[in-house]
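For what it's worth, this note's numbering labels the leading residue of the sequence shown as 27, then goes sequentially. Positions of the beta carbon are idealized from the N, C-alpha and C atoms, including for glycine. Model, not experiment: these values are computed from the prediction. Have a look at the structure below before the remarks.
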Amino acid sequence: MKPIIYWFRNDLRLYDSIALQKASETNQPIIFVYIINSDWFKISELGFNRIGSFRLNQLYQSLHRLKSELQSVSANLHIFKGNPTAIIPELANKTDASDVYAHHEYAPYELEEERIINENVNLQLYWGNMIYPPNHVPFSADVSPYYYTKFMKKVIELPPAPLITNTKSFNTYQGVIPIETLELPLIKETISPVKLMTDYLQSDSFTNYHISRELFEGNHYSSFLSPYLADGSLSANLLYYELNKRQKQNPDLEQSVEKMKLQLIWRDYYRFLFLRYDNKLFYRHGIRNKNRDRYDDSEAFNAWLNGKTDEPLINAFMNELRTTGFLSNRGRMLVSYYLSKVMQVNWLWGAEWFEHILIDYEVCNNYGNWAYQAGVGTDSRFNRSFNLAKQVEKFDPNKRYIAKWSGDTKTKQNPVNLKIQF
Ligand SMILES: Cc1cc2nc3c(=O)[nH]c(=O)nc-3n(C[C@H](O)[C@H](O)[C@H](O)COP(=O)(O)OP(=O)(O)OC[C@H]3O[C@@H](n4cnc5c(N)ncnc54)[C@H](O)[C@@H]3O)c2cc1C
């Protein structure tokens, strides 16, 4: 029997996976594959690559977990480094694989990847990794609602996509893998994302999520599940089901549950937006055909990135981000607003810095939110501005957060080979 290839993308898990279910149902021997894309390591004109050490480390941890889960059922994960458009067809050709199974992605680079691979092999793609994937909504993605509120109202009453129960008994390919694979660096055991989610939803912190997620910092002020949702080691759909379950168990949690469900709908919304607008979300003028005054001002950009602007709050946020790879949602909103609307710097540069530095970078969430804050996306008030003094008054009245992240915070992250001097 010919083998098939199962290609993991942003779905690094063995549960709630429709593509994996379909692959298992063929009963053909499966070659499990992940490809670390060599393009992620190319240094851009700004002087940094697309995957910094925070996210790379996160990715290695998720791959380790996945590999050991597969090993526990006598299967293996083969990791390659290169371009999927070259590796997948070569592997299929050399192993005589009949088909390649994977989940659809949503953004143009990944869609182009799918198109090229499909020219050479039978690529079987399934919609997944969403609560309301395109095949579960009564509208087609190319006319999906422009504004979030309209989108949210259209989907919130619909049943979420069903949770998939996956078998863990695979017919595993036993032949030789004819392309050089990559060994992962040694990484200590990490806690499972599903356990992190369950612990958080059971914790006292979650009780106040509807208020605390607006804060800059504090003990578990938000879920911190984004790195796992971004690489798919945590299923967003499972989280949605668990939220509904918690609400039934404890009606007092209603506000927190509702608030987090709305955030997960933002996540779906940006995926639909990418399906509808394709690479327009990477245009300088975004999806609004209006050119705003934005400059390729590297001096201002460097000041922003290094926390050396005239605004202590912005500096504190940027220092936290550089040091930890994470920033609260409010922090992200304010620094993106400040770079694009106050400093009037090309917003795509800021989005690219986030892509490099964030531990939880995810293309649709990042570029969708950046375009929104820069006034070239789907904010109905595209000239929206924030009063930073008021933000400090409300969220950091004792200036504790600013003090914590001000000054000469040592950066763990020193970009190398910079063309622009930081
Ligand atoms: C300029 C900017 C860039 C951003 N870049 C990213 C990114 O690259 N990756 C990313 O996952 N999120 C991004 N966000 C959205 C949001 O800030 C993070 O998802 C959130 O802060 C992660 O922390 P959490 O998991 O504790 O969030 P929680 O508040 O616990 O939310 C739970 C989940 O809901 C989703 N979510 C929450 N807020 C949003 C939002 N505004 N848009 C879309 N989905 C959301 C995320 O998957 C998040 O993990 C960005 C926001 C802004 C303003």
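According to the neighbour-count rule (16 or more other Cβ atoms, all chains shown, within 10 Å of its Cβ), is residue i buried or exposed?
| i | result |
| --- | --- |
| Glu381 | buried |
| Gly78 | buried |
| Glu26 | Outside the modelled stretch of the chain, which goes from 27 to 448, sits residue 26, for which no answer is possible. |
| Val442 | Here the model assigns Val442 a pLDDT of 29, short of 50, so the residue's position is not dependable, and the following value carries that caveat. It counts as exposed. |
| Leu251 | buried |
| Tyr296 | buried |
| Asn341 | buried |
| Val283 | buried |
| Arg91 | buried |
| Leu307 | buried |
| Val169 | exposed |
| Asp42 | buried |
| Asp319 | exposed |
| Asn245 | exposed |
| Ala123 | buried |
| Ala429 | exposed |
| Leu189 | exposed |
| Phe19 | Missing from the structure shown is residue 19; the chain here goes from 27 to 448 and no further. |
| Ile57 | buried |
Can the beta-carbon of residue i be found closer than 7 angstroms to that of residue j?
| i | j | result |
| --- | --- | --- |
| Tyr132 | Leu288 | no |
| Pro160 | Ala167 | yes |
| His104 | Thr207 | yes |
| Leu151 | Ala128 | yes |
| Val147 | Pro115 | yes |
| Tyr60 | Phe80 | no |
| Val371 | Ala326 | yes |
| Glu337 | Leu241 | no |
| Ala397 | Gly312 | yes |
| Phe343 | Leu353 | yes |
| Leu38 | Ser98 | no |
| Asn102 | Asp257 | no |
| Leu46 | Asn192 | yes |
| Asp294 | Met156 | yes |
| Leu260 | Met286 | no |
| Ile383 | Leu347 | yes |
Can you tell me whether DSSP reads residue i as helix, strand or coil?
| i | result |
| --- | --- |
| Thr198 | strand |
| Phe300 | helix |
| Asn355 | helix |
| Val402 | coil |
| Lys445 | With a pLDDT of 37 at Lys445, under the threshold of 50, the modelled position of that residue is not reliable, and the figure given next carries that caveat. The answer is coil: DSSP assigns Lys445 none of H, G, I, E or B. |
| Phe58 | strand |
| Tyr363 | helix |
| Tyr427 | helix |
| Tyr86 | helix |
Any heavy atom of ligand 1 within a distance shorter than 6 angstroms of the CB on residue i?
| i | result |
| --- | --- |
| Trp292 | yes |
| Phe80 | no |
| Trp396 | yes |
| Leu251 | yes |
| Leu14 | The question about residue 14 has no answer here: the residues shown for the chain are numbered 27 through 448. |
| Ala400 | no |
| Gln273 | no |
| Asp37 | no |
| Tyr173 | no |
| Met344 | no |
| Met223 | no |
| Arg239 | yes |
| Tyr387 | yes |
| Ala256 | yes |
| Asn392 | yes |
| Gln84 | no |
| Arg358 | yes |
| Gln200 | no |
Output the boundary residues of the beta strand (DSSP E) element that contains residue i.
| i | result |
| --- | --- |
| Val126 | 126 to 129 |
| Asn53 | From DSSP, Asn53 is part of no beta strand (DSSP E); its letter is neither H nor E. |
| Leu104 | According to the sequence as given, residue 104 is His; it is not Leu. His104 -> beta strand (DSSP E) spans 103 to 108. |
| Tyr152 | 149 to 152 |
| Tyr32 | 30 to 34 |
Hey, quick one: how far does the alpha helix (DSSP H) through residue i stretch, first residue to last?
| i | result |
| --- | --- |
| Phe343 | 338 to 350 |
| Tyr173 | That residue, Tyr173, is in no alpha helix (DSSP H); it is neither H nor E in DSSP. |
| Trp375 | 373 to 383 |
| Trp66 | Counting along the chain, Trp66 falls outside any alpha helix (DSSP H), and DSSP gives it neither H nor E. |
| Gln275 | 262 to 275 |
| Leu210 | Looking at the DSSP string, Leu210 is not in any alpha helix (DSSP H), and its letter there is neither H nor E. |
| Ser252 | 252 to 257 |
| Asp225 | 219 to 228 |
| Asn144 | 134 to 146 |
| Ile237 | 235 to 238 |
| Asn328 | 324 to 331 |
| Leu421 | Inspection of the sequence shows that residue 421 is occupied by Phe rather than by Leu. Unbroken alpha helix (DSSP H) run through Phe421: 414 to 421. |
Quick one: is the Cβ of residue i within less than 6 angstroms of any heavy atom of ligand 3?
| i | result |
| --- | --- |
| Ile340 | With respect to small molecules bound, the structure shown includes ligand 1 and not ligand 3. |
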